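Presented below is the structure to which this report refers.
So, in structure tokens, the structure goes:
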């Protein structure tokens, strides 16, 4: 009988200690995995709720909240990222072997903020069709793309009025009007150029499966939102 009570007390003590220590350990592990996955990260905050705490040993958590800044999603740096998960599962294999962060969850919400600076760094690294030295300026209701183009051996300024849109869960620049040296082209010429200037901005290495379905646009920045339910 005494042995049984001792075992019960040991189990209770283990659960009590685990309830306090293991969620904190999970927060520390997730934060370190974020640094490993996104090496240019400037700031990270993690909050883990798990009851009982020992469930984190299996990678299971009731709630995870994550905030990070200057996150490199492939070639594009996000200014900030906010992730909320309910009934989350952390992929321990990826975390322990690859030091990569990936969650599945019954409910998830991901917000990614992109600023002009991050998008322009990306544009300088890739070849935007027809346009040299491309720069984007994000307005509340439109996005202006400018750069250089060579016509008949002469370099001229190109200006494109367009919009940032979501297409198949991805961020796309959709041009609407083109001008050279401040003068708009004839409609027939515009139609030929517009389809060639459009481009998609890819985001990769996400911590969850992400299909962006909502977008909020402000002066100088855009916020992409991905929401979902069910374990993915």
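Numbering (the working numbering), first residue to last: 17 to 248. We put the CB at the ideal spot given by N, CA and C, even for glycine. On a predicted model such as this, the values are computed, not experimentally measured, just so you know.
(request) Quick one: grab the DSSP three-state call for residue 197. (result) Working through the chain shown from its first residue, we reach residue 197 at position 181. Residue state, collapsed to three classes: coil.
(message) Could you tell me the alpha carbon to alpha carbon distance between residue 15 and residue 241, rounded to whole angstroms?
(response) Residue 15 falls outside the range modelled here, since the chain spans only 17 to 248, and no answer is possible.
(request) State yes or no: is the C-beta of residue 77 within less than 8 Å of the C-beta of residue 62? (result) The residue you call residue 77 lines up with position 61 of the chain shown. The residue you call residue 62 lines up with position 46 of the chain shown. Against a cut-off of 8 Å, the Cβ pair of residue 62 and residue 77 comes out as no contact.
(request) Please name the residue in 141, 173, 178 whose C-alpha comes closest to that of residue 157. (result) The count along the chain shown starts at 1 and reaches residue 157 at position 141. Out of 141, 173, 178, 178 has the C-alpha closest to the C-alpha of residue 157.
(message) To the nearest angstrom, how far is the alpha carbon of residue 244 from that of residue 73?
(response) Your numbering for residue 244 matches position 228 in the chain shown. Your numbering for residue 73 matches position 57 in the chain shown. When the Cα atoms are used, residue 244 and residue 73 turn out to be separated by approximately 25 Å.
(request) On a CA-only basis, which of 89, 174, 131, 81 is nearest residue 235? Give me that one, please. (result) One-based indexing of the chain shown puts residue 235 at position 219. Measuring from the Cα of residue 235, the nearest candidate turns out to be 131.
(message) Is it buried or exposed, residue 55, if we count other Cβ atoms within 10 angstroms and call 16 or more buried?
(response) Here residue 55 corresponds to residue number 39 of the chain shown, with the count starting at 1. Label assigned to residue 55: exposed.
(message) I believe residue 80 touches residue 104 by the beta-carbon criterion, under 8 Å. Please report the beta-carbon distance rounded to the nearest angstrom.
(response) Start at 1 with the first residue of the chain shown, and residue 80 comes out as number 64. Start at 1 with the first residue of the chain shown, and residue 104 comes out as number 88. About 5 Å; that satisfies the 8 Å criterion.
(message) Counting C-beta neighbours from all protein chains within 10 Å, is the total for residue 27 16 or more, i.e. buried, or is it exposed?
(response) The residue given as residue 27 occupies position 11 in the chain shown. Below a pLDDT of 50, predicted positions are generally treated as unreliable, and residue 27, at 41, falls in that range; the measurement from the model is reported next regardless. Looking at its Cβ environment, which holds fewer than 16 other Cβ atoms inside 10 Å, residue 27 is exposed.
(request) Would you grab the beta carbon distance between residue 163 and residue 149 for me? Rounded to a whole angstrom, and I think it's under 8 Å. (result) For the purposes of this step, residue 163 is taken as the residue at position 147 of the chain shown. For the purposes of this step, residue 149 is taken as the residue at position 133 of the chain shown. Indeed, because the Cβ distance is near 5 Å, the residues count as touching under 8 Å.
(request) Spatial neighbours of residue 227 within its chain, please: CB distance less than 8 Å, with the 5 preceding and 5 following residues excluded, ordered by chain position. (result) Position 211 of the chain shown, counted from the first residue, corresponds to residue 227. 185, 242, 244, listed in sequence order.
(message) For residue 118 and residue 112, what's the separation of their Cα atoms in angstroms?
(response) Position 102 of the chain shown holds residue 118. Position 96 of the chain shown holds residue 112. Near 11 Å, if we compare the C-alpha coordinates of residue 112 and residue 118.
(message) Is residue 239 close to chain C? Criterion is C-beta to C-beta, closer than 8 Å.
(response) Annotation note: the requested chain C is absent from the structure, which comprises a single protein chain.
(request) Enumerate in chain order the residues of its own chain whose CB-to-CB distance from residue 263 is below 6 Å, with the five nearest sequence positions on each side excluded. (result) This structure gives no information on residue 263, because the portion of the chain shown stretches from 17 to 248.
(message) I'd like to confirm the pairing. Which residues does DSSP put opposite residue 191 in its beta bridges?
(response) Against the chain shown, residue 191 aligns to sequence position 175. Answer is 178.
(message) Below 8 Å on the Cβ atoms is my contact criterion, and I expect residue 279 with residue 147 to pass it. Report the Cβ-Cβ distance as a whole number of Å.
(response) Only positions 17 to 248 of the chain appear in this structure, which leaves residue 279 out of reach.
(request) Can you tell me which of 44, 232, 239, 225 puts its alpha carbon nearest to the alpha carbon of residue 122? (result) Position 106 of the chain shown holds residue 122. If we check each option's Cα against that of residue 122, 225 comes out closest.
(request) Kindly list the residues whose CB is nearer than 6 Å to the CB of residue 107, restricted to its own chain and excluding five residues on each side of it in sequence; keep chain order. (result) Indexing the chain shown from 1 puts residue 107 at position 91. Setting aside the 5 residues that flank it on each side, residue 107 is surrounded in the same chain by 118, each with a C-beta closer than 6 Å to its C-beta; the list follows chain order.
(message) Taking the beta carbon of residue 166 as the centre, do at least 16 other beta carbons fall within 10 Å, making it buried, or is it exposed?
(response) Looking up residue 166 in the chain shown gives position 150. Label assigned to residue 166: exposed.
(request) Taking 8 Å as the cut-off, decide whether the C-beta atoms of residue 128 and residue 215 are in contact. (result) Within the chain shown, residue 128 is the residue found at index 112, counting from 1. Within the chain shown, residue 215 is the residue found at index 199, counting from 1. Not a contact, by the Cβ cut-off of 8 Å.
(message) Spatial neighbours of residue 50 within its chain, please: C-beta separation below 7 Å, excluding the five flanking residues on both sides.
(response) Here residue 50 refers to the residue found at position 34 of the chain shown. Around residue 50: 57, 60, 84, 117.
(message) According to DSSP, residue 89 sits in a beta bridge with which residue or residues?
(response) Numbered from its first residue, the chain shown carries residue 89 at position 73. Note: residue 89 sits in a beta bridge opposite 92.
(message) Just to confirm my understanding: we take residue 188, look at its own chain, exclude 5 residues before and 5 after, and list those with CB closer than 6 Å. What are they?
(response) For this step, residue 188 is matched to residue 172 along the chain shown. Cβ contact annotation for residue 188 (same chain, cutoff 6 Å, sequence separation greater than five): 181, 216, in chain order.
(request) Mark residue 205 as exposed unless 16 or more other C-beta atoms lie within 10 angstroms of its C-beta, in which case mark it buried. (result) Within the chain shown, residue 205 is the residue found at index 189, counting from 1. Exposed is the call here.
(message) Quick check on the burial criterion: 16 or more other C-beta atoms within 10 angstroms. Buried or exposed for residue 160?
(response) Numbered from its first residue, the chain shown carries residue 160 at position 144. Looking at its Cβ environment, which holds fewer than 16 other Cβ atoms inside 10 Å, residue 160 is exposed.
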